[in-house]
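Novice: Okay, handing you the structure first.
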Amino acid sequence: MTTADVQAGRGMRLTLNIVQVVCFTFFAYLVVGLQLAVLPPFVHNDLGFGAVLAGLAISTQYIATLLTRGFAGRTTDVAGPKRAALIGMTACGISGVMMIAAALAHQIPSLSLGLMLVGRLALGFGESCVGTGCIMWGIGRVGATHTAKVISWNGIATYGALALGAPLGVWLVNIGGFIAIGIAGALLMLAALLLGSLQQGVQVQAGERLPMRHVFGRVMPYGIGLAMGSIGFGVIATFITLYYASVGWSHAAPTLSVFGVCFVSVRLLFGSTISRFGGYRVALVSLLVECCGLIVLSSAAHAGTAMFGAALTGIGFSLIFPALGVEAVNRVSISNRGAALSAYSVFVDVALGVTGPLGGLIAASGNYAPMFAIASCLSLASAMLTGLLYFKHGKPTLA
């Protein structure tokens, strides 16, 4: 057996160790995806509520995720990442049960909506715990030197599950009604809990637990960079369909698919560059590529050019979260890294949360191109901030 074969075998075992844990992220986000496309029509068409409440049914999850990041991080550090992930999976399962109850109570719209909102709160809480817990669980299994690889694979699981869950949810509703969403989510999380309980946990790291405000302060510069770099993804995900319609183009859905394919492909093929070159350098290059893609989108004269811009944006956005995340968690001791990861993730929650309303104000006249131009400026500003952080902290420390 050659040295290359040995290294390939080690790489496969490493990846398998990571996938065995981040698969629970996939299951949890599959539940998120199942609900994503079918909740607004159910609230609006079946229950008879307006667009505001239909939107509230979606945004409630993100509010809960934002508010529970601190709990998820501290639970991961103190009780262990496996415990945090299992708590999150339980909450996601409860969300499925609440969807079943909401479907059964559809003849009493206010009760059905209330049950649904409780389920969305549970799902947001579960998403927070599973996301942080599984990343730190994976790092505990393979070592801190592979932090970037774990974060990258967790992101692949996240976006892959969302891409699969949305059409799967529509299909389930078509064949079994809205109640099928709840049943599928509850059963999926029950299976995940059983599998997760059989997986080996990792040792809780001893050490001083910093107050959350101190952890937040240490990761804040990286989080601000992440937030500015995430706006481009937010405007594409939220407004690309309306942008295409406003200028008379078709193929908005394939453009989203191209973005997703580029995102996942870069994570698979180039995720290791973070360990080789450092998070600062990879983030800087990624942000500049994203900036170029958004400029192309904002100035595109036809759909083909816009699709190319979306592809560039997907390539650039792909490694921003893990690249800056590696450097962010290195700003605290290992016993506080769950809290640091949660605090860091808050910034992408906030960025995606404000993109919709602020983007809507910018495009109130029906012109969507300026949103992409503004997002490109924010990506450039994030690149400048990343450069300052690089020079401030010297040669980047690898996780």
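Read left to right, the sequence shown gives residues 143 to 541 (our numbering).
Ideal placement from N, C-alpha and C gives every residue a C-beta, glycine not left out.
Computed from a predicted structure; not experimentally measured.
#1: Give a yes or no on whether the C-beta atoms belonging to Val408 and Ser460 are separated by under 7 Å.
#2: Gly338 and Met231 look like a contact to me (Cβ under 8 Å); what is the Cβ gap, rounded to whole Å?
#3: Tell me which residues share the same chain as Thr539 and place their Cβ nearer than 6 Å to its Cβ, disregarding the 5 neighbours each side in the sequence.
#4: Shortest alpha-carbon distance to Ala243 belongs to which of Arg479, Leu330, Asp188 and Phe320?
#5: Is the region 310 to 329 touching the region 168 to 180 in the sense that three or more CB pairs, one from each, lie closer than 8 Å?
#6: With 16 as the cutoff for other CB atoms within 10 Å, does Leu527 come out buried or exposed?
#7: Could you please give the first and the last residue of the uninterrupted alpha helix (DSSP H) stretch that includes Ala303?
#8: Near Gly402, what residues of its chain come up, given a Cβ to Cβ distance below 8 Å and the 5 sequence neighbours on each side ignored?
#9: With DSSP run on the structure shown, which of helix, strand or coil describes Arg543?
#10: Can you say whether Arg262 is buried or exposed, counting buried as having 16 or more other CB atoms within 10 angstroms of its CB?
#11: Could you say which of Gly212, Gln162, Leu314 and Ser237 lies nearest to Asn296 if we only look at CA atoms?
#12: Would you be able to state if there are at least three C-beta pairs under 8 Å between the region 432 to 446 and the region 371 to 379?
#13: For Ser254, report the span of its alpha helix (DSSP H) as first-last.
#14: Can you name the start and end residues of the alpha helix (DSSP H) that Thr447 belongs to?
#15: Determine contact between the region 219 to 229 and the region 274 to 285, defined as no fewer than three beta-carbon pairs at a distance below 8 Å.
#16: Reducing DSSP to helix, strand and coil, say where Gly235 ends up.
#17: Considering only residues of the same chain and omitting the five flanking positions on each side of Met154, which have a CB-CB separation below 7 Å?
#18: Taking Cβ to Cβ, would you say Ala290 is nearer than 7 Å to Ser417?
#19: For a test of the three-state rule: what should DSSP assign to Leu158, helix, strand or coil?
#20: Only counting the same chain, and skipping five residues up and downstream in sequence, which positions put a Cβ closer than 7 Å to that of Phe184?
#21: Measure the alpha-carbon distance for Ile323 versus Ala247 and round it to whole angstroms.
#22: May I ask you to report which of helix, strand or coil DSSP gives Asn509?
#23: Report the rounded CA-to-CA distance for Ala541 versus Thr287, giving the unit in angstroms.
#24: From what residue to what residue does the alpha helix (DSSP H) around Pro464 run?
#25: What would DSSP say about Ala517, mapped onto helix, strand or coil?
#26: State whether the region 383 to 392 contacts the region 501 to 518, with contact taken as three or more CB pairs (one from each stretch) at a distance under 8 Å.
#27: Give me the Cα-Cα distance between Ala465 and Leu340, rounded to the nearest whole angstrom.
#28: Could you spell out the range, first to last residue, of the alpha helix (DSSP H) harbouring Ile325?
#29: Whole-angstrom Cβ separation of Ala493 and Tyr364, contact assumed at under 8 Å?
#30: Can you give me the C-alpha to C-alpha distance between Val315 and Pro309, rounded to a whole angstrom?
#31: Ends of the alpha helix (DSSP H) at Pro363?
#32: From which residue to which residue does the alpha helix (DSSP H) around Val128 run?
#33: Going by DSSP in three states, Gly343 sits in which element: helix, strand or coil?
#34: From Val292, Leu189 and Pro353, pick the residue whose C-alpha is nearest to that of Arg216; which is it?
#35: In the DSSP assignment, find the unbroken alpha helix (DSSP H) run with Ser407 in it and report its ends.
Specialist: Straight from the coordinates:
#1: Contact: yes.
#2: 6 Å
#3: The predicted position of Thr539 is uncertain, since its pLDDT is 45 and thus under 50; no value can be drawn from it.
#4: Nearest neighbour of Ala243 by Cα position, chosen from Arg479, Leu330, Asp188 and Phe320, turns out to be Phe320.
#5: yes
#6: buried
#7: Thr289 to Gly318
#8: Tyr301, Ala305 and Gly456
#9: Coverage of the chain is limited to positions 143 through 541, which leaves residue 543 absent and any answer about it impossible.
#10: Classification for Arg262: buried.
#11: Distance check between Asn296 and each of Gly212, Gln162, Leu314 and Ser237 places Gln162 closest, using alpha-carbon atoms only.
#12: When Cβ pairs closer than 8 Å are counted between the two stretches, the region 371 to 379 is seen to touch the region 432 to 446, the count reaching three or more.
#13: Pro251 to Val284
#14: First-last of the alpha helix (DSSP H) with Thr447: Ala445 to Phe459.
#15: yes
#16: helix
#17: none
#18: yes
#19: helix
#20: Phe320
#21: 15 Å
#22: coil
#23: For Ala541, the pLDDT reaches just 39, beneath the cut-off of 50, and the residue's location in the model is therefore unreliable, leaving the point undetermined.
#24: Ile462 to Val471
#25: DSSP places Ala517 in helix when its eight states are reduced to three.
#26: yes
#27: 31 Å
#28: Ile321 to Leu340
#29: Contact doesn't hold; Cβ gap of about 13 Å is too wide.
#30: Going from the Cα of Val315 to the Cα of Pro309 covers about 10 Å.
#31: Element bounds for Pro363: Met354 to Ser388.
#32: Because residue 128 is not part of the residues shown, which for the chain are 143 to 541, the question remains open.
#33: Gly343: coil per DSSP, three-state reduction.
#34: Pro353
#35: Ala394 to Phe412
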